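Colleague: In terms of full-length UniProt numbering, the sequence shown opens at residue 1 and continues consecutively.
I am attaching a structure below and will ask some questions about it afterwards.
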Amino acid sequence: MPPPPAICSINRIMPPPLLTHLYTKMKTALLVLSFLLIAFTSNRVVCAAKPEPVLDISGQKLRTGVNYYILPVIRGRSGGLTLSSKGNNTCPLYVVQEKFEVRNGNPVIFSPIDKKDIVYTSTDLNIKTSGVKTTCAQSTVWKLLKELTGVWFLSTGGVEGNPGFDTVTNWFKIEKAGKDYNLVFCPKVCRCQTLCRELGIYIDESGKRHLALSDKIPPFSVMFKRA
């Protein structure tokens, strides 16, 4: 069991702007602590291998800034990933799986932290959905969003770039899973301890298939198709 993150004390009096910044830091610290609590009850471990180029279904290397569809390896149930609102709310949008297999969903763009032209496994990256017409003014960069169900959903509103403690929920990885790939949350963008776990599909009460993070759902094996 990993130790909890260290708590540092600040003894000097700070002006209001710094107090506001500290408050933001404290909220983020509580978020990271939530990840730790989930990690303590999790029994599945993600092991990162030596980074290698991620390949699409044509055997070509994934490239930064290029549109790709994320498709399920197991066909027959549902299609690719897209964005959808929840209830009557305009924002945020949630990353969900298309209901029908024939639909590829919306393409995404990968932006690795190392800014290389090729996308590698075991590398922190941002994922941004493109080609979406929506009234939601938020960015379409993915991030984790916790709801009352205790499940962490993938939603929009993330920040592209700016790796660090404040953006820890915006970073994901692609890991090899046999001949397939898994999308993984296991950020190394700050000196903080977070959960390492594969993303899976969570089916809500309405039957909508959400991309999510929970110890109660199996990994969602995927493949990539150039748009």
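We put the CB at the ideal spot given by N, CA and C, even for glycine.
Since this is a predicted model, take the numbers as computed values, not measurements.
What is the DSSP secondary structure of Phe220, reduced to helix, strand or coil?
Modeller: Looking at Phe220 - three-state DSSP - the assignment turns out to be coil, as it is neither helix nor strand.
Colleague: Whole angstroms are fine: how far does the CA of Val151 sit from the CA of Leu30?
Modeller: Model confidence at Leu30 stands at a pLDDT of 49, short of 50, so the residue's coordinates are unreliable and nothing is read from them.
Colleague: For a minimum of 3 consecutive residues, which ranges assigned as the beta strand (DSSP E) are wholly contained in the segment 61-113?
Modeller: Listed in chain order, they are 68-72, 81-84, 94-97, 108-112.
Colleague: In three-state DSSP terms, what is Leu213?
Modeller: Three-state result, Leu213: strand.
Colleague: If you draw a straight line from the C-alpha of Pro218 to the C-alpha of Asn126, how long is it?
Modeller: If you take the alpha carbons of Pro218 and Asn126, they lie about 22 Å apart.
Colleague: When you compare the segment 209-225 with the segment 66-77, are there three or more beta-carbon pairs, one atom per stretch, that lie closer than 8 Å?
Modeller: A contact exists between the segment 209-225 and the segment 66-77.
Colleague: What are the complete beta strand (DSSP E) segments, minimum 3 residues, inside the segment 123-151?
Modeller: Segments of the beta strand (DSSP E) lying fully in the segment 123-151: 125-129, 143-146.
Colleague: Are there three or more Cβ pairs, one per stretch, closer than 8 Å when the segment 81-99 is compared with the segment 131-141?
Modeller: With the cut-off at 8 Å, the segment 81-99 and the segment 131-141 touch.
Colleague: Compute the distance between the beta-carbons of residue 260 and Leu62, then report whether it is under 9 Å.
Modeller: Outside the shown range of the chain (1 to 227) lies residue 260, about which nothing can therefore be said.
Colleague: Would you call the CB atoms of Thr129 and Thr156 closer than 9 Å?
Modeller: A contact, by the Cβ cut-off of 9 Å.
Colleague: Under the three-state reduction of DSSP, which class applies to Asp180: helix, strand or coil?
Modeller: Asp180 falls in the strand class under three-state DSSP.
Colleague: How about Pro163 and Asp124: do their beta carbons lie closer than 9 Å?
Modeller: Cβ atoms of Pro163 and Asp124: closer than 9 Å.
Colleague: Taking the alpha-carbon positions, what's the Lys27 to Glu205 distance?
Modeller: Low confidence applies here, because Lys27 scores a pLDDT of 48, under 50, leaving its location unreliable and the question unanswered by this model.
Colleague: What is the DSSP secondary structure of Leu22, reduced to helix, strand or coil?
Modeller: Its pLDDT being 42, under 50, Leu22 is placed unreliably by the model, and nothing is read from it.
Colleague: Cα separation between Glu147 and Ile74?
Modeller: Their backbone Cα atoms lie some 28 Å apart in a straight line.
Colleague: Take Gln97 as the anchor and find which of Leu55, Tyr202, Pro53 has the nearest alpha-carbon.
Modeller: Ranking the options by Cα distance to Gln97, first place goes to Tyr202.
Colleague: Can the beta-carbon of Asn106 be found less than 9 Å from the beta-carbon of Val66?
Modeller: For Asn106 and Val66, no; Cβs fall outside 9 Å.
Colleague: Would you tell me roughly how many angstroms separate the C-alpha atoms of Val159 and Gly59, rounded to the nearest one?
Modeller: When rounded, the distance between both Cα atoms is 30 Å.
Colleague: Which residue or residues does DSSP assign as beta-bridge partners of Arg226?
Modeller: The partner list for Arg226 (beta bridge, DSSP) reads Tyr68.
Colleague: Can the beta-carbon of Val102 be found less than 9 Å from the beta-carbon of Gly79?
Modeller: Cβ atoms of Val102 and Gly79: closer than 9 Å.
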